[in-house]
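**Student:** Numbering (our numbering), first residue to last: 74 to 339. Where a beta carbon is used, it is the ideal one built from N, C-alpha and C, also for glycine. Bear in mind the structure is a predicted one, so any value in this text is a computation, not a measurement.
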Ligand SMILES: NC(=O)c1ccc[n+]([C@@H]2O[C@H](COP(=O)([O-])OP(=O)(O)OC[C@H]3O[C@@H](n4cnc5c(N)ncnc54)[C@H](O)[C@@H]3O)[C@@H](O)[C@H]2O)c1
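#1: In angstroms with no decimal places, state the Cα-to-Cα distance between residue 327 and residue 151.
#2: Provide the residue(s) that pair with residue 329 in DSSP beta bridges, ordered along the chain.
#3: Residue 161 by DSSP, collapsed to three states: which one?
#4: Just tell me which of 128, 80, 213 and 115 has its CA closest to the CA of residue 86.
#5: Which full runs of the beta strand (DSSP E) of 3+ residues lie inside the region 261–326, going along the chain?
#6: Would you report the Cα separation of residue 189 and residue 337, rounded to the nearest angstrom?
#7: Which residues in the same chain as residue 193 place their Cβ atom closer than 7 angstroms to its Cβ, once the five residues preceding and following it in sequence are excluded?
#8: Residue 111 bridges to which residues according to DSSP?
#9: When the distance is taken between beta carbons, is residue 92 closer than 8 angstroms to residue 289?
#10: Which word fits residue 179, buried or exposed, when buried means at least 16 other C-beta atoms lie within 10 angstroms of its C-beta?
#11: For the beta strand (DSSP E) that contains residue 253, what are its first and last residues?
#12: Give the list of continuous alpha helix (DSSP H) stretches no shorter than 4 residues that lie fully inside the region 162–218.
#13: Roughly how many whole angstroms lie between the Cα atoms of residue 323 and residue 227?
#14: Is the Cβ-Cβ distance between residue 258 and residue 216 less than 8 angstroms?
#15: According to DSSP, which residues form a beta bridge with residue 84?
#16: Do residue 281 and residue 261 count as a contact pair if the criterion is CB distance below 8 angstroms?
#17: Among 223, 229, 143 and 242, which one has its Cα closest to the Cα of residue 196?
#18: So, residue 209 versus residue 251, is the Cβ gap smaller than 8 angstroms?
#19: Where does the unbroken alpha helix (DSSP H) through residue 240 begin, and where does it stop?
#20: Taking the straight line between their C-alpha atoms, what separation do you get for residue 318 and residue 84?
#21: For ligand 1, is there any heavy atom lying closer than 7 angstroms to the beta carbon of residue 304?
#22: Where residue 113 and residue 137 are concerned, what is the direct C-alpha to C-alpha distance, given to the nearest angstrom?
#23: By alpha-carbon positions, which one of 245, 174 and 298 ends up nearest to residue 76?
#24: Bridge partners of residue 130, per DSSP?
Following this line, the structure appears as structure tokens:
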């Protein structure tokens with residue numbers, strides 16, 4: 074077992090499934106005590122149990138990231154029980170692909186902002202003082218390629234653009250507390266979030282130079298890097314993990330189309 078995070082305590086939100094579960098598993102495998110936080114309690118308890126069965130140190134806590142009182146309760150519990158916190162992974166998110174602005178209800182807009190943007194804000198506000206008092210650490214916020222470009226789900230995209238703002242502001246503010254803050258911006262990841270959207274998965278996979286979506290473990294590996302001392306000089310950054318989608322997805326398609334012609338000229 075790689076003990077890169079030995080003696081570190083971490084919270085991973087949205088850890089009952091998808092990327093959060095993979096991140097919790099990998100952080101625990103790397104020696105951290107991991108608090109898995111989510112609203113799907115049964116699933117979260119089961120993931121925590123499976124980590125313990127594999128020899129890891131994990132426990133599950135109910136935490137709705139949009140509720141300040143939930144954050145206060147969980148962070149105070151960690152302070153009382155373990156006396157320290159070093160890592161916060163703000164991973165919980167909802168997509169609610171409501172599509173066009175005209176079709177997005179105010180209720181949906183507010184819910185997406187509450188979970189995807191207010192959640193990480195409350196998490197940073199509540200957890201950062203304990204991370205400071207524990208000797209410093211690292212925070213990773215979960216953005217998306219939808220927060221790097223225009224997108225068809227306006228509320229989701231706007232919340233993910235906002236993540237980059239809070240990351241950069243928090244990185245600046247918290248560096249004097251010894252806390253690094255970065256954004257991870259996944260492309261397509263095969264998780265329950267995109268379940269049932271087969272056409273979307275096919276189209277996005279096709280547009281991605283690597284021609285596939287990521288597995289959650291491929292995102293978790295980058296989160297581990299960012300929260301470990303290997304990333305000790307990286308803060309305030311947006312790190313895309315997207316199979317090349319953003320930087321050359323468009324041109325990759327163009328070049329493939331041109332090269333497919335018999336008398337191709339580039
Ligand atoms: N799957 C993708 O293609 C993709 C791409 C880019 C970014 N992301 C982002 O990655 C993160 C993880 O997504 P995923 O693909 O693993 O999705 P997922 O749906 O598999 O997992 C999200 C988890 O968040 C939890 N959650 C939802 N609302 C919550 C709340 N109010 N409080 C606490 N937990 C809550 C869910 O119960 C679930 O366990 C999200 O922020 C998502 O926006 C996903």
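**Tutor:** Let me spell this out:
#1: 52 angstroms
#2: None; residue 329 has no bridge partner.
#3: strand
#4: 213
#5: 311–314
#6: 45 angstroms
#7: 163, 214, 236 and 239
#8: 135
#9: yes
#10: exposed
#11: 252–259
#12: 179–186 and 192–206
#13: 21 angstroms
#14: yes
#15: 108 and 161
#16: yes
#17: 143
#18: yes
#19: 227–247
#20: 29 angstroms
#21: no
#22: 10 angstroms
#23: 298
#24: 106
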